[in-house]
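*Asks:*
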Amino acid sequence: GDRRVADRREPPPPRGQGNGPSVERYLLRVILAHPAYLEMAAEADVGPATFEDARYREIFETLSTIGADASPEDVVRELSSEAAAVYDQMLGEPPESLVNLEQTYLDTVAALRIRELKQKNHELQRLMATARSEDEKNALLAEKNANVRKAAALRTRAT
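So, in structure tokens, the structure goes:
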């Protein structure tokens with residue numbers, strides 16, 4: 061059967077979870093439905109590196125380069141075949157299946173930023189174990205605590 065029919069019934073992204081490409085996909089769908097969200101995402105520190113799925117990263121990067129309002133033909137010309145297939149699939153999903161564009165945007169950006177902050181804190185924890193001085197360890201801990209506060213603030217805004 062047609063996979064796109066199944067995709068239309070996807071539940072909204074789980075709130076407060078930054079896992080998996082589904083969050084990345086939802087953000088791209090919001091951008092495709094309303095291109096102004098691309099610039100807003102960039103202002104919220106979402107960039108190609110935020111995307112773990114290479115296909116979604118490529119789509120985001122291409123939209124950032126040529127513009128989110130570019131014609132689908134122009135976008136597909138820039139994409140690898142794998143990314144183009146996913147892009148075509150997303151275009152086939154009706155925008156009205158995203159009930160509230162703004163809330164979906166806020167939730168997905170928050171989830172992606174929280175995921176990024178958790179990854180940074182994992183790296184900071186690793187660096188703390190090898191810190192050469194108490195000052196270095198304290199600086200890393202301060203950065204880690206700031207990231208925890210940022211993530212908590214994002215969670216509060218997203219719900």
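When the letters of the sequence shown are read in order and numbered with the numbering used here, they come out as residues 61 to 219. Built from N, CA and C at the ideal position, the CB exists for glycine as well. The structure displayed is predicted, hence computed values, not measured ones.
Go ahead and label V83 buried or exposed: buried means 16 or more other beta carbons lie within 10 angstroms of its beta carbon, across all protein chains shown.
*Replies:* Along the sequence shown, one-based indexing puts residue 83 at 23. By the 10 Å Cβ count, V83 comes out buried.
*Asks:* Rounded to the nearest angstrom, how far is the Cβ of L222 from that of A170, given a contact under 8 Å?
*Replies:* Because the chain is modelled from 61 through 219, residue 222 falls outside the range shown and cannot be assessed.
*Asks:* Tell me the DSSP secondary structure of A206 in three-state form.
*Replies:* Your numbering for residue 206 matches position 146 in the sequence shown. Of the three classes helix, strand and coil, the one that applies to A206 here is helix, per DSSP.
*Asks:* Just verifying my parser: in three-state terms, what is the DSSP assignment at D62?
*Replies:* By 1-based counting over the sequence shown, the position of residue 62 is 2. Here the model assigns D62 a pLDDT of 41, short of 50, so the residue's position is not dependable, and the following value carries that caveat. Residue state, collapsed to three classes: coil.
*Asks:* How many angstroms separate the CA atom of V136 from the CA atom of Y147?
*Replies:* Along the sequence shown, one-based indexing puts residue 136 at 76. Along the sequence shown, one-based indexing puts residue 147 at 87. Those two C-alpha atoms are separated by around 8 Å.
*Asks:* On the CB-based measure, 16 or more other CB atoms within 10 Å of its CB, does V90 come out buried or exposed?
*Replies:* Within the sequence shown, the letter at position 30 stands for residue 90. Buried, since its Cβ has 16 or more Cβ neighbours within 10 Å.
*Asks:* Once DSSP output is grouped into helix, strand and coil, what is the label at H257?
*Replies:* There is no way to answer for residue 257, as the model of the chain reaches only from 61 to 219.
*Asks:* Beta-carbon separation of M188 and K197 under 8 Å?
*Replies:* Here residue 188 refers to the residue found at position 128 when the sequence shown is read from its first residue. Here residue 197 refers to the residue found at position 137 when the sequence shown is read from its first residue. Yes, these two residues count as a Cβ contact at 8 Å.
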